[in-house]
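First comes the structure, then the notes that go with it.
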Amino acid sequence: MLWGSAGARGAPGPPPRAPATLAALFDQGMRHHQRRAVLHCAELGAVPDWKLDRLAIRIALYCREKLGLEPGSRAAVFGRPGWLWPAVEAAVQGWGATAVGIAHDAPDDVLLQALREAAPRFVVATDALSANRLLELRTRGLAARVPLVAPRPATPAGEALALELLLELGGTFDTAERAQAFRLMCRLVEPETEALWHVSASGTGRLTHAQAVKLVSAWLRTKPQQQGDVVQLLPTRVTLGLRVALAACVGDGRSEIVLGEDGAESAARLRPHGLRASASWLDEACRGCEPRWPAALRRRGSRQRLQHRLGERLRWVEAEGRVDEATARALAAAGIELTAEETG
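Residue numbers for the sequence shown follow the numbering used here, beginning at 26 and rising by one.
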C-alpha cells in the first residue's frame with residue numbers, strides 16, 4: 026500500500042519511503058481504488074481512481090502518437106485550476122517529459138517568455154478564456170503556433186484541437202498493451218529527470234522528480250491523511266503549492282479532493298478534513314471567530330464557531346499568502362493547524 030496501511034481511519038500517514046518520482050506516485054496512487062472518488066469537481070462530478078487513470082492514459086497515448094510527446098520534451102498547461110492539471114501533468118510526466126505550468130493570470134510578457142524558453146510540443150488550455158487569450162497572441166504574431174488543445178466550445182473552428190475529440194481519439198489508442206506500456210514508463214522514469222516548471226510573475230522555477238517528491242513528502246508529513254479524508258481546494262490561481270497538493274492527494278491513495286465549491290457554506294456542508302484557500306478567503310471566513318473568552322473557554326468556543334462555518338472535521342488549513350493575525354489566532358485557538366504558501 027502506498028502510504029502505509031489504508032484500512033480503518035486513524036491509520037498512519039506517510040511511510041518512511043515514498044516513490045522516487047511523481048510519475049511513480051501517480052501510478053501507485055491509481056492502483057488501489059479504495060476511496061469513493063479521487064476528485065470531485067463541477068465539470069466531471071465524482072471521479073474515481075480508474076476514471077482519472079483512463080483520462081491520463083488517453084491524453085498520454087494521443088500526445089505520444091500525434092503531438093510528438095517523448096522523453097526529454099516539454100508540454101505546457103495554461104489556465105485556471107481544474108481537473109486537467111493533474112490529468113495532463115500525469116500524462117506528460119509519465120513519458121519522462123516536463124510539465125510546464127503557467128497560471129491564467131500570468132502577464133503577457135511572462136507567458137510569452139515561458140513559451141519561448143520551454144518550446145513545448147503542445148499547449149493545453151484548461152478554459153476558454155485562456156485558450157482565446159493565447160490565440161489572440163498568436164494572431165498578433167507574438168506566440169509560436171504550436172498545437173493547442175482546449176475545451177469545447179473555446180476557440181474558432183480549426184484553431185485548436187477540442188479536448189473532447191482528443192479524449193475520443195485517445196480511446197482508439199487505449200489498448201491494454203499500450204496502457205501497460207505507459208504504466209511501465211511511469212515506473213522507469215529516473216528521479217533526476219526534469220519533472221515540472223512553474224511559471225509565475227516572479228520567474229520560472231524548475232524541479233526534477235526527486236526535488237518535487239521531496240516537496241510532496243514534506244507536504245504529507247505536515248498533513249498526514251487518513252483513509253477517506255476530504256481535502257477541499259479553493260484556489261484562485263494555480264501555484265506551485267497547489268500543484269504539490271494535487272500530486273500529494275492524488276498519489277497518496279487515500280484523499281478525496283474537492284476542487285472548487287466556493288463559499289464557507291459549501292465548506293461546512295462538505296465537512297472537509299483539510300482546506301486550502303486564499304488568505305483573503307480565510308480571513309473573511311474566520312472573521313469574528315477570534316477567541317474572546319477566558320483561556321479555559323477559548324479553544325472550545327473558537328472551534329465551535331469555526332466548525333459552524335468550515336465544518337466540524339477540519340484539522341488543518343493551508344493559506345495561499347499571509348493571513349491576518351486574527352485569523353491565525355482563531356485557527357490556533359480552535360486547534361486547527363495553519364500553514365501558508367507565501368509565493369506562487
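Note that CB positions come from ideal geometry on N, CA and C, so glycine has one too.
Residue burial classification, residue i (beta-carbon count within 10 angstroms, cutoff 16)
{"i": "Pro260", "result": "buried"}
{"i": "Pro297", "result": "buried"}
{"i": "Ser227", "result": "exposed"}
{"i": "His58", "result": "exposed"}
{"i": "Gly360", "result": "exposed"}
{"i": "Gln252", "result": "buried"}
{"i": "Leu209", "result": "exposed"}
{"i": "Glu345", "result": "buried"}
{"i": "Pro316", "result": "buried"}
{"i": "Ala48", "result": "buried"}
{"i": "Trp108", "result": "buried"}
{"i": "His65", "result": "buried"}
{"i": "Glu337", "result": "exposed"}
{"i": "Gln329", "result": "exposed"}
{"i": "Glu343", "result": "buried"}
{"i": "Trp110", "result": "buried"}
{"i": "His223", "result": "buried"}
{"i": "Ala243", "result": "exposed"}
{"i": "Asp308", "result": "buried"}
{"i": "Arg279", "result": "buried"}
{"i": "Asp78", "result": "buried"}
{"i": "Leu213", "result": "exposed"}
{"i": "Trp306", "result": "buried"}
{"i": "Trp267", "result": "Contrary to the premise, residue 267 reads as Leu rather than Trp in this sequence. Buried: at least 16 other Cβ atoms inside 10 Å."}
{"i": "Gly299", "result": "buried"}
{"i": "Leu50", "result": "buried"}
{"i": "Pro106", "result": "buried"}
{"i": "Asp134", "result": "exposed"}
{"i": "Asp52", "result": "buried"}
{"i": "Gln146", "result": "Note on residue identity: the sequence assigns Arg, not Gln, to residue 146. It is buried - the Cβ of Arg146 has at least 16 other Cβ atoms within 10 Å."}
{"i": "Thr430", "result": "Given a span of 26 to 369 for the chain in the structure shown, any question on residue 430 remains unanswerable."}
{"i": "Gly313", "result": "exposed"}
{"i": "Leu271", "result": "buried"}
{"i": "Asp287", "result": "exposed"}
{"i": "Leu154", "result": "exposed"}
Residue i (DSSP reduced to helix, strand or coil)
{"i": "Thr352", "result": "helix"}
{"i": "Gly276", "result": "helix"}
{"i": "Gly126", "result": "strand"}
{"i": "Phe147", "result": "coil"}
{"i": "Leu47", "result": "helix"}
{"i": "Gly16", "result": "No statement about residue 16 is possible, as the shown extent of the chain runs from 26 to 369 and does not include it."}
{"i": "Thr233", "result": "strand"}
{"i": "Gly54", "result": "helix"}
{"i": "Ser419", "result": "This structure leaves residue 419 out entirely; the chain is present only between 26 and 369."}
{"i": "Trp120", "result": "coil"}
{"i": "Cys88", "result": "helix"}
{"i": "Trp110", "result": "helix"}
{"i": "Ala169", "result": "coil"}
{"i": "Gly70", "result": "strand"}
{"i": "Thr364", "result": "strand"}
{"i": "Ala358", "result": "helix"}
{"i": "Ala187", "result": "strand"}
{"i": "Gln59", "result": "coil"}
{"i": "Val263", "result": "coil"}
{"i": "Ala100", "result": "strand"}
{"i": "Ala344", "result": "strand"}
{"i": "Ala4", "result": "The structure shown has nothing for residue 4, since the chain only spans 26 to 369."}
{"i": "His65", "result": "strand"}
{"i": "Gln251", "result": "coil"}
{"i": "Ala131", "result": "coil"}
{"i": "Leu339", "result": "coil"}
{"i": "Leu159", "result": "helix"}
{"i": "Leu300", "result": "strand"}
{"i": "Leu94", "result": "coil"}
For residue j and residue i, believed in contact at Cβ under 8 Å, the rounded distance
{"i": "Ala100", "j": "Ala67", "result": "Contact doesn't hold; Cβ gap of about 25 Å is too wide."}
{"i": "His234", "j": "Ala45", "result": "7 Å"}
{"i": "Trp120", "j": "Glu161", "result": "Incorrect: roughly 30 Å between the Cβ atoms, too far for contact."}
{"i": "Ala175", "j": "Ala204", "result": "Wrong, their Cβ atoms sit about 25 Å apart, outside the cutoff."}
{"i": "Val241", "j": "Ala273", "result": "5 Å"}
{"i": "Thr264", "j": "Glu366", "result": "6 Å"}
{"i": "Pro73", "j": "Ala62", "result": "5 Å"}
{"i": "Trp341", "j": "Lys248", "result": "5 Å"}
With three or more beta-carbon pairs closer than 8 Å as the criterion, would you say the stretch 80-97 touches the stretch 115-131?
yes
Can you list, in chain order, the stretches of the alpha helix (DSSP H) that have 4 or more residues and sit fully within the stretch 195-227?
201-213
Across the stretch 250-264 and the stretch 281-293, are there enough close Cβ pairs to call them in contact, namely three or more that are closer than 8 Å?
yes
Quick test of the definition: if touching needs 3 or more C-beta pairs under 8 Å, does the stretch 193-201 touch the stretch 154-171?
no
Sufficient close CB pairs (3 or more, under 8 Å) joining the stretch 285-295 to the stretch 134-153
no
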